[in-house]
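In UniProt numbering, the protein residues as written are 1 to 201.
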Amino acid sequence: MTAVILAGGKSSRMGSNKAFLKLKGKAFIERQIDLLREMFDEILISANTPSEYEYLNLPVFKDIYPEKGPLCGIYTSLVNSGSASTFMLACDMPFVESGLIKHLKSFTKEYDVVVPKSERGLEPLHAFYSKDCIDPIKKELDNNNLRIISFFPHVKVKVVELGSLTLPDSFKNSIKNLNTRDEYILSRDNNSISNNHCHYR
């Protein structure tokens with residue numbers, strides 16, 4: 001199975017490329033790769049500046065349609081993925097945990113999209129997508145509907161509620177992301193982060 005790290009964002013609020021911010025001496029993207037290698041046969045990177053990622057020795061794909069946002073990153077990744085179902089992960093989630101990924105993966109045979117939902121909403125940049133999403137996403141891109149969830153009504157979606165009493169609280173840390181310099185400094189200095197997430201609804 002394939003995992004893709006989505007690193008195509010402009011990181012305007014952070015002021016620098018979030019993928020290369022360091023936590024405990026290692027870049028976010030390097031931490032993610034280390035974890036994903038234990039779980040996936042293939043790892044790809046979705047980024048519009050491939051030269052920055054050459055040192056990682058992984059395939060890097062630029063968006064097929066420029067300036068279409070993360071939905072196009074997902075589309076491009078699915079087109080290039082060698083798997084029926086692909087895990088998509090935003091590069092600004094340095095606390096990703098294998099437990100949640102494995103839980104989501106358990107639903108992939110029955111659904112086209114398996115996405116966690118926190119108290120703030122869906123987390124589509126920490127989710128599984130099947131190849132059957134390609135055509136529905138393409139239609140939304142053609143119509144310039146760039147919300148990530150715009151195609152959800154046209155595929156089978158499994159929403160995994162992270163607030164469920166049956167799931168470990170630690171799963172909530174897996175989908176926390178860092179968007180601003182202040183959040184990063186807090187995380188770096190205290191190994192904890194704020195609850196101000198970036199969500200795509």
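All C-beta atoms, glycine included, are put in the ideal place defined by N, C-alpha and C.
Rounded distance between the beta-carbons of I43 and A3, thought under 8 Å: 5 Å
Which of helix, strand or coil DSSP assigns to S194: Below a pLDDT of 50, predicted positions are generally treated as unreliable, and S194, at 35, falls in that range; no measurement from the model is reported.
Bridge-paired residues (DSSP) for L6: DSSP lists S46, A90 as partners of L6.
Counted within 10 angstroms of its Cβ, other Cβ atoms place A47 as buried (16 or more) or exposed: buried
L141 (DSSP reduced to helix, strand or coil): helix
Close beta carbons around D132, own chain, < 7 Å, minus the five adjacent residues each side: Answer for D132: D112, V155, listed in chain order.
Sub-8 Å separation of I29 and I5 beta-carbons: The Cβ-Cβ distance between I29 and I5 falls below 8 Å.
Simplified DSSP assignment, three categories, for V155: coil
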